Structure formats: C-alpha cells, structure tokens
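In numbering that gives the first Met the number 0, the protein residues as written are 0 to 412.
Think of the CB as a built atom: it goes at the ideal place given N, C-alpha and C, for glycine as much as any other residue.
Predicted model only: the values in this text are computed from it and were never measured.
Here is the structure we will look at.
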Amino acid sequence: MGERNWAGNFEYGAPIAHPSTLSELRDAVVAAPSVRALGSRHTFNDLADDDGLLVSTAGLPSTVRIDEEARTVTVGGGARYGDLAQTLQQSGWALHNLASLPHISVAGAIATATHGSGDRNGNLASAVAGMRILRADGETVDLARGDARFAGAVVHLGALGVVTEVTLDIRPTFDVRQRLFERLPWDAVLGEFDRVTSAAYSVSLFTTWNEDAVSLAWLKERDGDPTDSVDEFFGATALTAPRHMIPTMDVRNTTEQLGVYGPWSERLAHFRFEFTPSNGEEIQSEYLVPRANAVEAIRAVRELAPLIAPLLQVSEIRTVAADDLWLSSAYDTDAVGLHFTWLRDQAGVEAVLPAIEDALLPLGARPHWGKVYVDRENRVPGLYPKLDDFAALAADFDPAGKFRNGFLRRLLG
Ligand SMILES: Cc1cc2nc3c(=O)[nH]c(=O)nc-3n(C[C@H](O)[C@H](O)[C@H](O)COP(=O)(O)OP(=O)(O)OC[C@H]3O[C@@H](n4cnc5c(N)ncnc54)[C@H](O)[C@@H]3O)c2cc1C
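See below:
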C-alpha cells in the first residue's frame, strides 16, 4: 500500500523522495519527467498527488531570516507554521494570523490559500512578500510583491515549481486572549452577522446546523483592542471551562482559553503545536462565499441540516478579507468560509456534497483547493476570473507540464 495524506483518506499514487539539500531537490526535479512538491500532507484531495514523483519538502533546510527594517521573515517552504511562529515570537515578531492547525507547511498552506479568521485578516497567502521558486528546468526564479507575475503566482496549487523559500510580512508581537461563548442564537448570526464577526480580531462560529443555536462563538481578541469583558455575547453565555469544538475530543489539544492573554503564537491557532496529531479521523470540505451572500448561504446550508448532520463532526464559519491573488478564494471579495469537518466516510461525504454545492456555488462560493469537493458540473473554473491568465502563467513557468497533475488537468484543461 502507498503512503497516505494526514487524514488517511487519500493514497498517493506516486513514490515520495526525501531530499535534504536544495541540490538534491534540484537533481530530483530535473531528472523526473513528472514531479510535484509535497508539504506536510494536510490536503484532503488529489491536489498534492503526481503521475511520476513527489518530493517532500519536510527535510529541506528551513533557516529563518528576519529583516527587521523590511518587516519580513524569510523561511524555507517546508517549514511548519508552528516552528516559524515560535522563532518569530522569541524575536519579538508576529505573523498576522494562523490557520486552525500550526503543523501545516508554509509553502503548502500558501499554495491553497489557507486561512484563519478575522474580518480584516487576509488569508495566509496575503502575507507573502516574496517567493523563490525552483522551476522544472532547475532554474530558480525570485518573485516579489510588485512584480507583474506576483499576484498570479502566490496561490499556485503547486503548478509553477517547488517553492524553496517564502518571505512573509511580519509585525511586532502581540498578545491575544480567547473567550468562548455557548448557544449563540441563530437570529443574532443571521440578523447581525457583521456585528458578530467584527466583534473580535478573529471570530469563529461552530455549529452542526441542526441545533436551535450556534453551539460556540470562539473569539480571539488582541490586547489593546477595544473590547469588553461581559459574560454575554449577543445572547450567548461565556464558558467557564475550556471546550473543544467537537465535544468528544480532548480539550487539552486546544490553545489556552478562558480569557487568559498570551502570545499570538499560542492563541491564533485553535490547536496546540506541542500536541502532534500524526493522523486524522476526518475529512474536511469548505466553501468560501462572497461576504455579501454569506447570510443567504448560511440559511441555505441550514435547510440541508438533515442531510448533513449524520456525517458531520462540526462546521466552522470564519471570515477572510479580500485580496488580489488570482487563485485566492478571497480574490476581489471579502469572503466567509463555511467549513465542514466530516466523519471519515469518503463515499458518504461525496454523496452529500452535490446538494451543498448546488446551494452554494450559484452564490459564488469557491471550494477550498485543499479540501474535498466534487464540482460535478465543472462550475469551479468559472468562479475565478483570472484562471486563464493563471493557466498562461503556469505554461510559461513550466512549458512541458512537469508539475501538472490530474487535479490541474481537470481545472486548467
Ligand atoms: C487538521 C487540518 C486543519 C486544517 N485547518 C485549516 C484551516 O484552518 N484553514 C484552511 O484554510 N485550511 C486548513 N486546512 C487545509 C490545509 O491548510 C491545506 O490543505 C494546506 O494546503 C495543507 O498544506 P500542506 O503543507 O500539508 O500541503 P500538502 O497537502 O502537502 O500540499 C498541498 C499543495 O501544496 C503544494 N505544495 C506543498 N509544498 C509546496 C512547495 N514547497 N512548493 C510548491 N508547492 C507546494 C502541493 O504540491 C499541493 O498542491 C487544514 C487541514 C487539516 C488536515
């Protein structure tokens, strides 16, 4: 049996090479007729697979270089956010946001427009200031913000080459506290969506859709931002004991709650870096809806609750600020992510997704590139106005299509 992704729901078709130096990586890329980079394996679909060879970035050098004047950090593409966050925090610096899990590789997360939450927080790719890309011919190309090809290249689905270095914007370190509230009335979510999601630096709402109230509102508040400490949030009640978003899971895996301020690096992700989940018993899907359609989209998914509930562990609603990155799910629009953590039942999930997609894709929802979606009617290409430009960019970087896999052939033709 071949090697699998983190969730175990996908078996890679290609063998995996483990270069430990950039010259080993270059030799492997140049020699292989077909190749793709593999990050920390947290993608749930065949995006990371290849017809020929996968090259893992996990063992490549990942030294961290902070440029205090430029307010940037440069790190190897295979570095994990959790390691980078610790180093930055020790030096007094911060990233603007993190995903729920800090174990994800930097280049792999950026490749798929991975995001956290926050009305004013762009996704993780929006912090990219520069990238070094190893192309199919063994040459490296440096791109920086402002270059003509930059906005097309940042969210790249692995189509351009192997990203060996990423330069990210940083800011002075800041503290964050997490407060959780239970039983947020649907009327508040649907009637006052903007006030609810703008109430903190990052707001996540957790639901199983079939409840009479949203089970958890999870607020991450920056020290110094105007806030109040009342025990009530739009009718929801403050928790007095820590809680996992999935009631059956161990709460010790979650970052510290109950309003205790601590460094951003230990609060912005939902899960602690020191607990290393080696594999998962779940599948994830997510659809990022233009913010203007978010309430309609939430109503539509609630209608589907009886279909969804038997397969669902939990859903999370998050917000993402607009950016100008061509393949970003927040390209040209503030977006709201409707996320589903499913039981690991691939066939069951794929049977339910068409109904969700029929409800959400007409509202402009873009599926998360790294999670499970079906797109039976091939509607996804039409959701990206710059897709043809991206196809041309990919052909320019990689004329022979060495980095083109089945996923990209479906998407780009
Ligand atoms: C438990 C869990 C929690 C998650 N939480 C979130 C979340 O909070 N928010 C969110 O948006 N998503 C989330 N995701 C999805 C995840 O962030 C994305 O799937 C992400 O792309 C995974 O990164 P990876 O390094 O594991 O990439 P992989 O799965 O290894 O690869 C993903 C893609 O990136 C490419 N790639 C990887 N490294 C490189 C490189 N160096 N150069 C070029 N291409 C490269 C691969 O070829 C592939 O196309 C989560 C996933 C899991 C399993």
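I'd like to check one pair, residue 319 with residue 304: are the Cβ atoms closer than 8 Å? Position 305 of the sequence shown, counted from the first residue, corresponds to residue 304. Position 320 of the sequence shown, counted from the first residue, corresponds to residue 319. No; because the gap between Cβ atoms is not below 8 Å, this pair is not in contact.
Those runs of the alpha helix (DSSP H) which lie wholly inside the region 310-384 and span at least 4 residues: 345-359
Beta-carbon within less than 7 Å of residue 167's beta-carbon, same chain only, minus the 5 sequence neighbours each way: which residues are those? If you number the sequence shown from 1, residue 167 lands on position 168. For residue 167, where only same-chain residues beyond five positions count, the Cβ hits under 7 Å are 71, 72, 94, 126, 127 and 128.
Tell me whether residue 91 is buried or exposed, calling it buried when 16 or more other Cβ atoms sit within 10 Å of its Cβ. As a first step, residue 91 is located in the sequence shown; it is residue number 92 there, counting from the start. By the 10 Å Cβ count, residue 91 comes out exposed.
Classification of residue 89 by the beta-carbon crowding that lies within 10 angstroms, buried from 16 upward: Position 90 of the sequence shown holds residue 89. When all chains shown are included, residue 89 counts as exposed.
The beta strand (DSSP E) spanning residue 85 covers which residue range? Taking the sequence shown and counting its residues from 1, one reaches residue 85 at position 86. Looking at the DSSP string, residue 85 is not in any beta strand (DSSP E); the run it does join, the alpha helix (DSSP H), is 80-89.
So does residue 197 have its beta carbon nearer than 7 Å to some heavy atom of ligand 1? On the sequence shown, residue 197 is found 198 positions in, with the first residue counted as 1. Flag unset: Cβ of residue 197 not near ligand 1.
Could you round the C-beta distance between residue 370 and residue 33 to whole angstroms and report it? I think they count as a contact, below 8 Å. Within the sequence shown, residue 370 is the residue found at index 371, counting from 1. Within the sequence shown, residue 33 is the residue found at index 34, counting from 1. Residue 370 to residue 33, Cβ: 24 Å. No contact.
For residue 185, which of helix, strand or coil comes out of DSSP? The residue you call residue 185 lines up with position 186 of the sequence shown. DSSP places residue 185 in helix when its eight states are reduced to three.
Under the rule that 16 or more other beta-carbon atoms within 10 Å means buried, what is residue 414, buried or exposed? Missing from the structure shown is residue 414; the chain here goes from 0 to 412 and no further.
Nearest-angstrom Cα distance between residue 137 and residue 394? Along the sequence shown, one-based indexing puts residue 137 at 138. Along the sequence shown, one-based indexing puts residue 394 at 395. Their backbone Cα atoms lie some 16 Å apart in a straight line.
Tell me which same chain residues have a C-beta within less than 6 Å of the C-beta of residue 285, skipping the five on either side of it? Your numbering for residue 285 matches position 286 in the sequence shown. Answer for residue 285: 336, 338, 367 and 370, listed in chain order.
Taking the straight line between their C-alpha atoms, what separation do you get for residue 228 and residue 234? The sequence position of residue 228 within the sequence shown is 229, counting from 1. The sequence position of residue 234 within the sequence shown is 235, counting from 1. About 14 Å.
Is the separation between the beta-carbon of residue 102 and that of residue 201 shorter than 8 Å? Numbered from 1 along the sequence shown, position 103 holds the residue referred to as residue 102. Numbered from 1 along the sequence shown, position 202 holds the residue referred to as residue 201. Going by C-beta atoms, residue 102 is not nearer than 8 Å to residue 201.
By the DSSP assignment, the beta strand (DSSP E) with residue 64 in it spans what residues? Walking along the sequence shown from the start, residue 64 turns up at place 65. First-last of the beta strand (DSSP E) with residue 64: 64-66.
If we count Cβ pairs, one from each stretch, closer than 8 Å, do we get three or more for the region 249-258 versus the region 323-331? no
If residue 113 sits next to residue 120, beta carbons under 8 Å apart, how far is it from one beta carbon to the other, in whole angstroms? The residue labelled residue 113 in the question sits at position 114 within the sequence shown. The residue labelled residue 120 in the question sits at position 121 within the sequence shown. Not really, about 12 Å apart at Cβ, beyond 8 Å.
Whole runs of the beta strand (DSSP E) within the region 228-314, excluding any shorter than 3 residues: 235-237 and 282-289
May I ask which residues mark the beginning and end of the beta strand (DSSP E) holding residue 192? If you number the sequence shown from 1, residue 192 lands on position 193. Segment 192-196 is the alpha helix (DSSP H) holding residue 192; no beta strand (DSSP E) there.
What whole-angstrom Cβ distance do residue 292 and residue 189 have, given they're in contact under 8 Å? Along the sequence shown, read from residue 1 onward, the residue named residue 292 stands at position 293. Along the sequence shown, read from residue 1 onward, the residue named residue 189 stands at position 190. In fact, because the Cβ distance is near 13 Å, the residues do not count as touching under 8 Å.
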